[in-house]
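Chemist: Please see the structure below; I have some questions.
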Amino acid sequence: MMWRRGKILGKGGSAMVYLAAVVSPPRSNELLPFLMAAKSAPVNNSQLLSIERESFRQFEGCPHILRCFGDDVTIEDGEQWYNILLEYAAGGSLADRIQSYGRGLPETEVRQYTNSVLLGLSYIHNKGYVHCDIKPHNILLVDEKDDLSIDLNGKMNRVQERTAKIADLGLVKKAGERLAEKGRKLGIRGTALYMAPESIRHEDYEPEADIWALGCTILELLTGKEPWKCDRNTERVTILFKIASTQEIPEIPSGFSEEAEDFLKKCLVRDPKSRWTADMLLGHPFVSAADDVFTGMEDRRLAVRQIEPSTSGKSATDPLTGTSTPFKKMASSSRGLLTLFPDLNESTREITGAGALESQPSAPEFAPLTFPMRSVEQRMAAQSDIEANQYTLKSCVETMTAVTNLSHRLQSRTNGVQQLNAQLALLQRMYKDARAEISVLKAENKELKRKATVMFRFGDPPYAAVEEQGGGNVRDGVGNTEATPSRAVQDRGKKKRPAAE
1 MMWRRGKILG KGGSAMVYLA AVVSPPRSNE LLPFLMAAKS APVNNSQLLS
51 IERESFRQFE GCPHILRCFG DDVTIEDGEQ WYNILLEYAA GGSLADRIQS
101 YGRGLPETEV RQYTNSVLLG LSYIHNKGYV HCDIKPHNIL LVDEKDDLSI
151 DLNGKMNRVQ ERTAKIADLG LVKKAGERLA EKGRKLGIRG TALYMAPESI
201 RHEDYEPEAD IWALGCTILE LLTGKEPWKC DRNTERVTIL FKIASTQEIP
251 EIPSGFSEEA EDFLKKCLVR DPKSRWTADM LLGHPFVSAA DDVFTGMEDR
301 RLAVRQIEPS TSGKSATDPL TGTSTPFKKM ASSSRGLLTL FPDLNESTRE
351 ITGAGALESQ PSAPEFAPLT FPMRSVEQRM AAQSDIEANQ YTLKSCVETM
401 TAVTNLSHRL QSRTNGVQQL NAQLALLQRM YKDARAEISV LKAENKELKR
451 KATVMFRFGD PPYAAVEEQG GGNVRDGVGN TEATPSRAVQ DRGKKKRPAA
501 E
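The UniProt record's numbering puts the first residue of the sequence shown at 1, with every later residue one more than the last.
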């Protein structure tokens, strides 16, 4: 395959991105788009780019991750360049979308982007990987459909449907991987304003870190401002310290819908175990509401570019060379329009360049357009059905959320009961030991009382001598001794003999 390098689309820390145009198609049967994005780096400094190429191989087939069409090595001005050919994102990044809009994006538009990014993150996490650098600059808007439509006034509109896709896979790592091949830590990776607290404190990069970064990204899309308040002079270390060492979270201003506010609170939780996963967030009302067909059509008005009835004399600019070329009549698109709407009048036929088609029955010059569309009653009925289904889905999501919260509370109660049972068993053992010790103390106390009673009754000789003399007969706790009374006691009561005269 031969391709030609065009203008610069962006610059990164280790590579540059160029617009690339296919000059000659490849020999294989693979169909490649005419325009692609070539991410290039010198061969002697292309290690990170080659790692990113391997990451793209892991996620081939996911429609919400930027496609990679291959890689090659080119020689330009005597220097070898390693290139990976990526899907061209004509809409730029979400950061560019915020800058062009000038303020926070409409909430309905953010819902659609969030749904696409969550589908991509779910695919990455279920594969066992972590992106590690989710931010508006790494989410690109790719044109999925570029078609023409006609409104009721007969004007042609160009409708562009853009899908948000995850890009920049240079920092992707395996979930649970804590050490590099050489035994050293992977180090801090990512952008400071979107890093999770645990990633800064412990260099822990798990799927929960991507959810925190997604919350910061959605907050920036809604407000048009960075998630953390800081000026250009604020050093990176200061931001990292604030995120890691305080209990603050990015401020969520008032004015958002309840679904948006609750969605952000489910992402911006400092405890990573309490954050919702990507699969859980896909069922959140903030994201599920993005599937509304009529709301989606209303949002697409932001991406609609109106085409004037006459394109004669106008020209388009070649994105590669910058030269101007006149517009060509869109006969193929017009043929499709006339096939779908055969009642188009002659003026519209001339605008669309469909004169080469087979002749259609002539119509009055100002005949109204008749479209094979639903009646107003049918559209209102369909709208009512969709609203009813959305209400039912929202109720189901709320019920599932309540059941999940109840399950968590029940699990915490169960853990509390187990801890109480363990404490109760310990107290029972302590009580049993205390009773045994009390019994021993009672026996010792009884013996001391007996010894004290004997000593109180007989005094001297000591208690041991009294027992040796056989006088230790104690009954009912009272010493009752049958020892021979002393001479003083024997002579007590006898009359003294008178002295001899």
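Note that CB positions come from ideal geometry on N, CA and C, so glycine has one too.
Contact check, MET1 vs PRO25 under 8 angstroms by CB: the rounded distance?
Modeler: Taking the first residue of the sequence shown as 1, we reach residue 1 at position 1. Taking the first residue of the sequence shown as 1, we reach residue 25 at position 25. MET1 to PRO25, Cβ: 7 angstroms. Contact.
Chemist: Can you give me the C-alpha to C-alpha distance between ASP72 and SER46, rounded to a whole angstrom?
Modeler: Start at 1 with the first residue of the sequence shown, and residue 72 comes out as number 72. Start at 1 with the first residue of the sequence shown, and residue 46 comes out as number 46. Straight-line Cα distance between these residues: approximately 12 angstroms.
Chemist: Going by CA-CA distance only, name the one from HIS64, GLU60 and ALA37 that's closest to LEU86.
Modeler: Taking the first residue of the sequence shown as 1, we reach residue 86 at position 86. Minimum Cα distance to LEU86 is reached at ALA37.
Chemist: CB-CB under 8 angstroms to LEU9, same chain, minus the five flanking residues each way: which ones, in chain order?
Modeler: Position 9 of the sequence shown holds residue 9. Within the same chain, and ignoring the five residues on either side of LEU9 in sequence, the residues whose Cβ sits closer than 8 angstroms to its Cβ are VAL17, TYR18, LEU19 and ALA37.
Chemist: By DSSP, does PRO227 sit in helix, in strand, or in coil?
Modeler: Position 227 of the sequence shown, counted from the start, is the residue given in the question as residue 227. Per DSSP, reduced to three states, the secondary structure at PRO227 is coil, with no helix or strand assignment.
Chemist: Which first and last residues belong to the alpha helix (DSSP H) in which VAL117 is found?
Modeler: The sequence position of residue 117 within the sequence shown is 117, counting from 1. Unbroken alpha helix (DSSP H) run through VAL117: 107 to 126.
Chemist: By the 10 Å Cβ neighbour count, where 16 or more other Cβ atoms means buried, how is GLU198 classified, buried or exposed?
Modeler: If you number the sequence shown from 1, residue 198 lands on position 198. When all chains shown are included, GLU198 counts as buried.
Chemist: How long is the line joining the alpha carbons of residue 535 and GLN418, rounded to whole angstroms?
Modeler: A query on residue 535 cannot be resolved here, the shown segment of the chain reaching from 1 to 501 and no further.
Chemist: Within the 8 angstroms Cβ cut-off, does HIS137 reach chain D?
Modeler: Note that chain D does not occur in the displayed structure, where there is just one protein chain.
Chemist: Could you compute how far the alpha carbon of PHE256 sits from the alpha carbon of LEU282?
Modeler: Taking the first residue of the sequence shown as 1, we reach residue 256 at position 256. Taking the first residue of the sequence shown as 1, we reach residue 282 at position 282. One C-alpha to the other measures close to 19 angstroms.
Chemist: With DSSP run on the structure shown, which of helix, strand or coil describes PRO33?
Modeler: If you number the sequence shown from 1, residue 33 lands on position 33. It is coil, neither helix nor strand.
Chemist: Among GLY224, VAL43 and LYS449, which residue has its Cα nearest to the Cα of ILE84?
Modeler: Translated into the one-based positions of the sequence shown, residue 84 becomes position 84. Nearest Cα to ILE84 within the set GLY224, VAL43 and LYS449: VAL43.
Chemist: Check whether the segment 106 to 125 touches the segment 202 to 222, taking contact to mean three or more Cβ pairs, one atom from each stretch, closer than 8 angstroms.
Modeler: Counting Cβ pairs under 8 angstroms, three or more are found: they touch.
Chemist: So what does DSSP say about SER100, is it helix, strand or coil?
Modeler: Working through the sequence shown from its first residue, we reach residue 100 at position 100. The answer is helix: DSSP assigns SER100 an H, G or I state.
Chemist: Identify whether GLN419 lies in helix, strand or coil by the three-state DSSP scheme.
Modeler: Mapped onto the sequence shown, residue 419 falls at position 419. Three-state DSSP puts GLN419 in a helix.
Chemist: Look up ASP143 in the DSSP assignment and give the residues it is bridged to.
Modeler: Indexing the sequence shown from 1 puts residue 143 at position 143. Note: ASP143 sits in a beta bridge opposite ARG162.
Chemist: Starting from the C-beta of PHE59, find all residues in its chain whose C-beta is less than 6 angstroms away, skip the five residues before and the five after it, and write them out in chain order.
Modeler: Position 59 of the sequence shown, counted from the start, is the residue given in the question as residue 59. Contacts found: ILE65.
Chemist: Do SER14 and LEU35 have their C-beta atoms closer together than 8 angstroms?
Modeler: In the sequence shown, residue 14 corresponds to position 14, counting from 1. In the sequence shown, residue 35 corresponds to position 35, counting from 1. It is not a contact, given that the beta carbons lie outside the stated cut-off.
Chemist: Classify MET215 as helix, strand or coil using the three-state DSSP reduction.
Modeler: Sequence index remark: in the sequence shown, residue 215 carries index 215 (1-based). What sits at residue 215 in the sequence shown is Gly, not Met. If DSSP states are grouped into helix, strand and coil, GLY215 belongs with the helices.
Chemist: If you follow the alpha helix (DSSP H) that LYS265 is part of, which residue opens it and which one closes it?
Modeler: The residue labelled residue 265 in the question sits at position 265 within the sequence shown. Counting along the chain, the alpha helix (DSSP H) containing LYS265 begins and ends at 258 to 267.
Chemist: Assess contact between the segment 93 to 100 and the segment 218 to 230, defined as three or more Cβ pairs (one per stretch) separated by less than 8 angstroms. Is contact present?
Modeler: yes
Chemist: Can you tell me whether THR74 is helix, strand or coil according to DSSP?
Modeler: By 1-based counting over the sequence shown, the position of residue 74 is 74. Three-state DSSP puts THR74 in a strand.
Chemist: Just curious, the alpha helix (DSSP H) that PHE244 is in, first and last residue?
Modeler: Against the sequence shown, residue 244 aligns to sequence position 244. For the record, residue 244 in the displayed sequence is Ala; it is not Phe. 236 to 245 is the extent of the alpha helix (DSSP H) around ALA244.
Chemist: Assign LEU141 to one of two classes, buried (16 or more other C-beta atoms within 10 Å of its C-beta) or exposed (fewer than that).
Modeler: Taking the first residue of the sequence shown as 1, we reach residue 141 at position 141. Per the 10 Å Cβ criterion, buried.
Chemist: Any idea which residues DSSP pairs LEU86 with across the strands?
Modeler: Along the sequence shown, one-based indexing puts residue 86 at 86. The partner list for LEU86 (beta bridge, DSSP) reads ALA37 and CYS68.
Chemist: Looking at the structure shown, is LEU171 part of a helix, part of a strand, or coil, going by DSSP?
Modeler: Here residue 171 is taken as the residue at index 171 of the sequence shown, counted from 1. In this structure, LEU171 counts as coil in the three-state DSSP scheme.
Chemist: Output the distance between the C-alpha atoms of ARG275 and VAL130, rounded to the nearest integer angstrom.
Modeler: By 1-based counting over the sequence shown, the position of residue 275 is 275. By 1-based counting over the sequence shown, the position of residue 130 is 130. About 15 angstroms.
Chemist: How is the beta strand (DSSP E) around MET2 delimited, first residue to last?
Modeler: Here the question's residue 2 lines up with position 2 in the sequence shown. Its beta strand (DSSP E) spans residues 2 to 11.
Chemist: Between residue 540 and LYS394, what straight-line distance do the alpha-carbon atoms span, to the nearest angstrom?
Modeler: The first residue shown for the chain is 1 and the last is 501, placing residue 540 beyond what the model contains.
Chemist: Reducing DSSP to helix, strand and coil, say where PRO253 ends up.
Modeler: Looking up residue 253 in the sequence shown gives position 253. DSSP places PRO253 in coil when its eight states are reduced to three.
Chemist: Figure out for me which residue from PHE241, GLU261, ILE243 and ARG67 has the closest Cα to the Cα of GLU107.
Modeler: Counting from one through the sequence shown, the residue named residue 107 turns up at place 107. Per the C-alpha coordinates, the member of PHE241, GLU261, ILE243 and ARG67 positioned closest to GLU107 is GLU261.
Chemist: Find out if the Cβ-Cβ distance for the pair ILE243, MET280 is shorter than 8 angstroms.
Modeler: Translated into the one-based positions of the sequence shown, residue 243 becomes position 243. Translated into the one-based positions of the sequence shown, residue 280 becomes position 280. Contact: no.
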